[in-house]
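Novice: Questions regarding the structure given below will be posed in turn.
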Amino acid sequence: MSLSQPLDPIAAVTASDPYPFYAALVAERPLYFDDRLGMWVASGAEAIESILNCRAFRVRPSNEAVPKPLLGTRAGDIFGQLVRMRDGGSQAALKQAVCSAFAPVDTKALVRRSAAWMQHLLQAHPPADRTVGSGGTPPDIACALPVYAVGSLLGTPSDLLPSSVFWMEDFVCAIAPGSTSEQIARGSAAAENLVAVFQGLLQQAQFPDHRNPRGIPVNLGLLSSFARSACRHAGHEEVMIIANAIGFLSQSYEATAGLIGNTLIALQKRPQLRRKLKDEPAMLGSVIREVARHDSPVQNTRRFLAEDKIVAGQKMRVGDAVLLLLAAGNRDPAANPEPEHFDPDRCNPSLFTFSAGAHLCPGAKMALALARGGVQHVLASEIDLERLVAGFGYRASQNGRIPVLNWETTRS
Numbered sequence: 017m018s019l020s021q022p023l024d025p026i027a028a029v030t031a032s033d034p035y036p037f038y039a040a041l042v043a044e045r046p047l048y049f050d051d052r053l054g055m056w057v058a059s060g061a062e063a064i065e066s067i068l069n070c071r072a073f074r075v076r077p078s079n080e081a082v083p084k085p086l087l088g089t090r091a092g093d094i095f096g097q098l099v100r101m102r103d104g105g106s107q108a109a110l111k112q113a114v115c116s117a118f119a120p121v122d123t124k125a126l127v128r129r130s131a132a133w134m135q136h137l138l139q140a141h142p143p144a145d146r147t148v149g150s151g152g153t154p155p156d157i158a159c160a161l162p163v164y165a166v167g168s169l170l171g172t173p174s175d176l177l178p179s180s181v182f183w184m185e186d187f188v189c190a191i192a193p194g195s196t197s198e199q200i201a202r203g204s205a206a207a208e209n210l211v212a213v214f215q216g217l218l219q220q221a222q223f224p225d226h227r228n229p230r231g232i233p234v235n236l237g238l239l240s241s242f243a244r245s246a247c248r249h250a251g252h253e254e255v256m257i258i259a260n261a262i263g264f265l266s267q268s269y270e271a272t273a274g275l276i277g278n279t280l281i282a283l284q285k286r287p288q289l290r291r292k293l294k295d296e297p298a299m300l301g302s303v304i305r306e307v308a309r310h311d312s313p314v315q316n317t318r319r320f321l322a323e324d325k326i327v328a329g330q331k332m333r334v335g336d337a338v339l340l341l342l343a344a345g346n347r348d349p350a351a352n353p354e355p356e357h358f359d360p361d362r363c364n365p366s367l368f369t370f371s372a373g374a375h376l377c378p379g380a381k382m383a384l385a386l387a388r389g390g391v392q393h394v395l396a397s398e399i400d401l402e403r404l405v406a407g408f409g410y411r412a413s414q415n416g417r418i419p420v421l422n423w424e425t426t427r428s
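Residue 74 in the working numbering is what sits at position 58 of the sequence shown, and the numbering runs on without skipping anything.
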């Protein structure tokens, strides 16, 4: 594909095949300033890695910790507390709390939990029982799965999980780049509901704070673990604990759905690989990791420069924004030889999907485990992949590649 094709780095996210376009960028313009977007675009692995590992690049502009359209909203309040939207000392302490909370999570048990919830969603949740969300379109099963799996891990009561899916759909749409005022309003209402759920769970746990130093917490799984860890590393701030509990759900929401959908599409295209998986089911984890590289559910992310810098020979100024094409970096031949080849046996692949440096996603293993459990159950159910992926499209998004599959056909 020539760079003259009418495709840009944002539209590429949901294009049927953006990878020739990305390859052309990597080969011809690995780091360039895009006049139309008004920001730098990094597609080469070297430039992406340099930027992700450079402290001069921040996840938010120095003068705009929360996007202006979100200011003064409940969704914006949560956004500003998220560990992934912070930099510096507070981010480091909060990330340490998150990592400490995630460390004991048994990924094998999480695979089983995910598979069980996929079975529930496929069999016990007919369309008539899924009330259309406030946005008008009910989230599909691949999006619902991480909310059920992570939500239950956090201690969310099972009767609140169906509603939590719709609240998460509205919240994720609200904080996404390019969200509308209507989406922000719905997302803020959803945020109120999510905050109420986690406030109730923390009260139930009787978590010790300065007013109750001898309180004995009830075990609420990951939420209790995170609250204790936050108290040790980042101070006990209920608003921060609740916001990042919601953040656990929001980060896994689209990423897991994208991993599940893109894996099922990859397997539908490769019947020989499906047959091999029947004989070697343990290789499914390697298949999903290769999907994360080959057809990343997170196509891009942004960084903002806090000081003048020279990157890959380009002079960049304080305040400059950079769009990092993570999916293009995954396909850079300098990082992964023969990048177009889908190879689950690839040795030590370079993977930018879950970021790097200070903002390397601490939930990457969880996302891979959730996707593995979901795909594992679909394959065991012998669902017709041809029907499932027929005519699929992608959710509207500026950074996520999440296919919309025909899940309703699995119920017939």
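From the three backbone atoms N, C-alpha and C, an ideal C-beta is built for every residue, glycine too.
With a cut-off of 8 Å, do at least 3 Cβ pairs link the region 262 to 272 to the region 93 to 110?
Specialist: Counting Cβ pairs under 8 Å, three or more are found: they touch.
Novice: Does the distance from the C-beta atom of Leu384 to that of Gly274 stay below 8 Å?
Specialist: Position 368 of the sequence shown, counted from the first residue, corresponds to residue 384. Position 258 of the sequence shown, counted from the first residue, corresponds to residue 274. Not a contact, by the Cβ cut-off of 8 Å.
Novice: Output the distance between the C-alpha atoms of Asn422 and Val303, rounded to the nearest integer angstrom.
Specialist: The residue you call residue 422 lines up with position 406 of the sequence shown. The residue you call residue 303 lines up with position 287 of the sequence shown. Their backbone Cα atoms lie some 22 Å apart in a straight line.
Novice: Taking the alpha-carbon of Asp348 as reference, which of Ala31, Ala119 and Ala43 has the nearest alpha-carbon?
Specialist: Within the sequence shown, the letter at position 332 stands for residue 348. Comparing Cα-Cα distances from Asp348 to each of Ala31, Ala119 and Ala43, the minimum goes to Ala43.
Novice: Looking at the unbroken beta strand (DSSP E) that takes in Arg319, where does it start and where does it end?
Specialist: For this step, residue 319 is matched to residue 303 along the sequence shown. Its beta strand (DSSP E) spans residues Thr317 to Leu321.
Novice: Give the secondary structure of Gln414 by DSSP, where H, G and I count as helix, E and B as strand, and everything else as coil.
Specialist: Stepping through the sequence shown from its first residue, residue 414 is reached at position 398. In the structure shown, Gln414 sits in coil (DSSP, three-state: anything other than H, G, I, E or B).
Novice: Would you report the Cα separation of Ala27 and Gln414, rounded to the nearest angstrom?
Specialist: The residue labelled residue 27 in the question sits at position 11 within the sequence shown. The residue labelled residue 414 in the question sits at position 398 within the sequence shown. Their backbone Cα atoms lie some 7 Å apart in a straight line.
Novice: Kindly confirm or deny that the region 80 to 95 and the region 173 to 191 touch, where touching means at least three C-beta pairs closer than 8 Å.
Specialist: They touch, by the three-pair rule.
Novice: Quick test of your reading: Ser366 and Ala344, contact by CB under 8 Å. State the CB separation rounded to the nearest angstrom.
Specialist: Position 350 of the sequence shown, counted from the first residue, corresponds to residue 366. Position 328 of the sequence shown, counted from the first residue, corresponds to residue 344. The Cβ separation is near 12 Å, so there is no contact.
Novice: Check for me: the alpha helix (DSSP H) holding Met134 runs from which residue to which?
Specialist: The residue given as residue 134 occupies position 118 in the sequence shown. Met134 -> alpha helix (DSSP H) spans Thr123 to Gln139.
Novice: When you compare only the Cα positions, how much space is there between Phe368 and Ala206?
Specialist: As a first step, residue 368 is located in the sequence shown; it is residue number 352 there, counting from the start. As a first step, residue 206 is located in the sequence shown; it is residue number 190 there, counting from the start. The straight-line gap from Cα to Cα measures roughly 31 Å.
Novice: For the alpha helix (DSSP H) containing Asp50, list its first residue and its last residue.
Specialist: On the sequence shown, residue 50 is found 34 positions in, with the first residue counted as 1. Counting along the chain, Asp50 falls outside any alpha helix (DSSP H), though it belongs to the beta strand (DSSP E) covering Leu47 to Asp50.
Novice: Among residues of its own chain, excluding the 5 on either side of Arg333, which ones have a beta-carbon nearer than 6 Å to its beta-carbon?
Specialist: Within the sequence shown, numbered from 1, the residue matching residue 333 stands at position 317. So the list reads Asp324, once near-sequence residues are dropped.
Novice: Give me whichever residues DSSP pairs with Leu340 in a beta bridge.
Specialist: As a position in the sequence shown, residue 340 is number 324, starting the count at 1. Paired residues: Ala58 and Thr317.
Novice: According to the neighbour-count rule (16 or more other Cβ atoms, all chains shown, within 10 Å of its Cβ), is Ser397 buried or exposed?
Specialist: Taking the first residue of the sequence shown as position 1, residue 397 is located at position 381. Exposed: under 16 other Cβ atoms inside 10 Å.
Novice: Applying the 10 Å Cβ sphere with the 16-neighbour rule, what's the burial state of Val213?
Specialist: Walking along the sequence shown from the start, residue 213 turns up at place 197. With 16 or more other Cβ atoms within 10 Å, it is buried.
Novice: State the DSSP-derived secondary structure class of Pro229, mapped to helix, strand or coil.
Specialist: What you label residue 229 is simply residue 213 of the sequence shown in a count that begins at 1. With a pLDDT of only 39 at Pro229, under the threshold of 50, the placement of this residue in the model should not be trusted, and no figure is reported.
Novice: Please state whether the Cβ-Cβ distance between Met134 and Leu161 is less than 8 Å.
Specialist: Residue mapping note: residue 134 aligns to position 118 of the sequence shown, counting from 1. Residue mapping note: residue 161 aligns to position 145 of the sequence shown, counting from 1. Closer than 8 Å, so yes.
Novice: Rounded to whole angstroms, what's the CA-CA distance from Arg291 to Ile276? Just pull it up for me.
Specialist: Reading the sequence shown from its first residue, position 275 is the one you call residue 291. Reading the sequence shown from its first residue, position 260 is the one you call residue 276. When rounded, the distance between both Cα atoms is 18 Å.
Novice: Less than 8 Å between the CB atoms is what I'm expecting for Leu68 and Ala372, so what's the real figure, rounded?
Specialist: By 1-based counting over the sequence shown, the position of residue 68 is 52. By 1-based counting over the sequence shown, the position of residue 372 is 356. Rounded, the Cβ-Cβ distance is 4 Å, consistent with contact.
Novice: Roughly how many angstroms lie between the CA atoms of Leu293 and Gln392, to the nearest whole one?
Specialist: Here residue 293 refers to the residue found at position 277 of the sequence shown. Here residue 392 refers to the residue found at position 376 of the sequence shown. Each residue's Cα considered, the two are about 10 Å apart.
Novice: For Gln315, count neighbouring C-beta atoms within 10 Å of its own C-beta (all shown protein chains included) and say buried if the count is 16 or more, exposed if not.
Specialist: Counting from one through the sequence shown, the residue named residue 315 turns up at place 299. Per the 10 Å Cβ criterion, buried.
Novice: For Leu217, does the three-state DSSP call read helix, strand or coil?
Specialist: Within the sequence shown, numbered from 1, the residue matching residue 217 stands at position 201. Leu217: helix per DSSP, three-state reduction.
Novice: Per DSSP, what are the beta-bridge partners of Ile326 in this structure?
Specialist: Residue numbering aside, residue 326 sits at position 310 when the sequence shown is read from its first letter. DSSP, once it has assigned bridges, lists Lys331 as partnering Ile326.
Novice: Helix, strand or coil for Phe408? Go by DSSP, reduced to three states.
Specialist: By one-based count along the sequence shown, residue 408 stands at place 392. Note: Phe408 maps to coil in three-state DSSP.
Novice: Along the chain, where does the alpha helix (DSSP H) that runs through Trp183 open and close?
Specialist: In the sequence shown, counting from the first residue as 1, residue 183 sits at position 167. Counting along the chain, the alpha helix (DSSP H) containing Trp183 begins and ends at Leu177 to Ile191.
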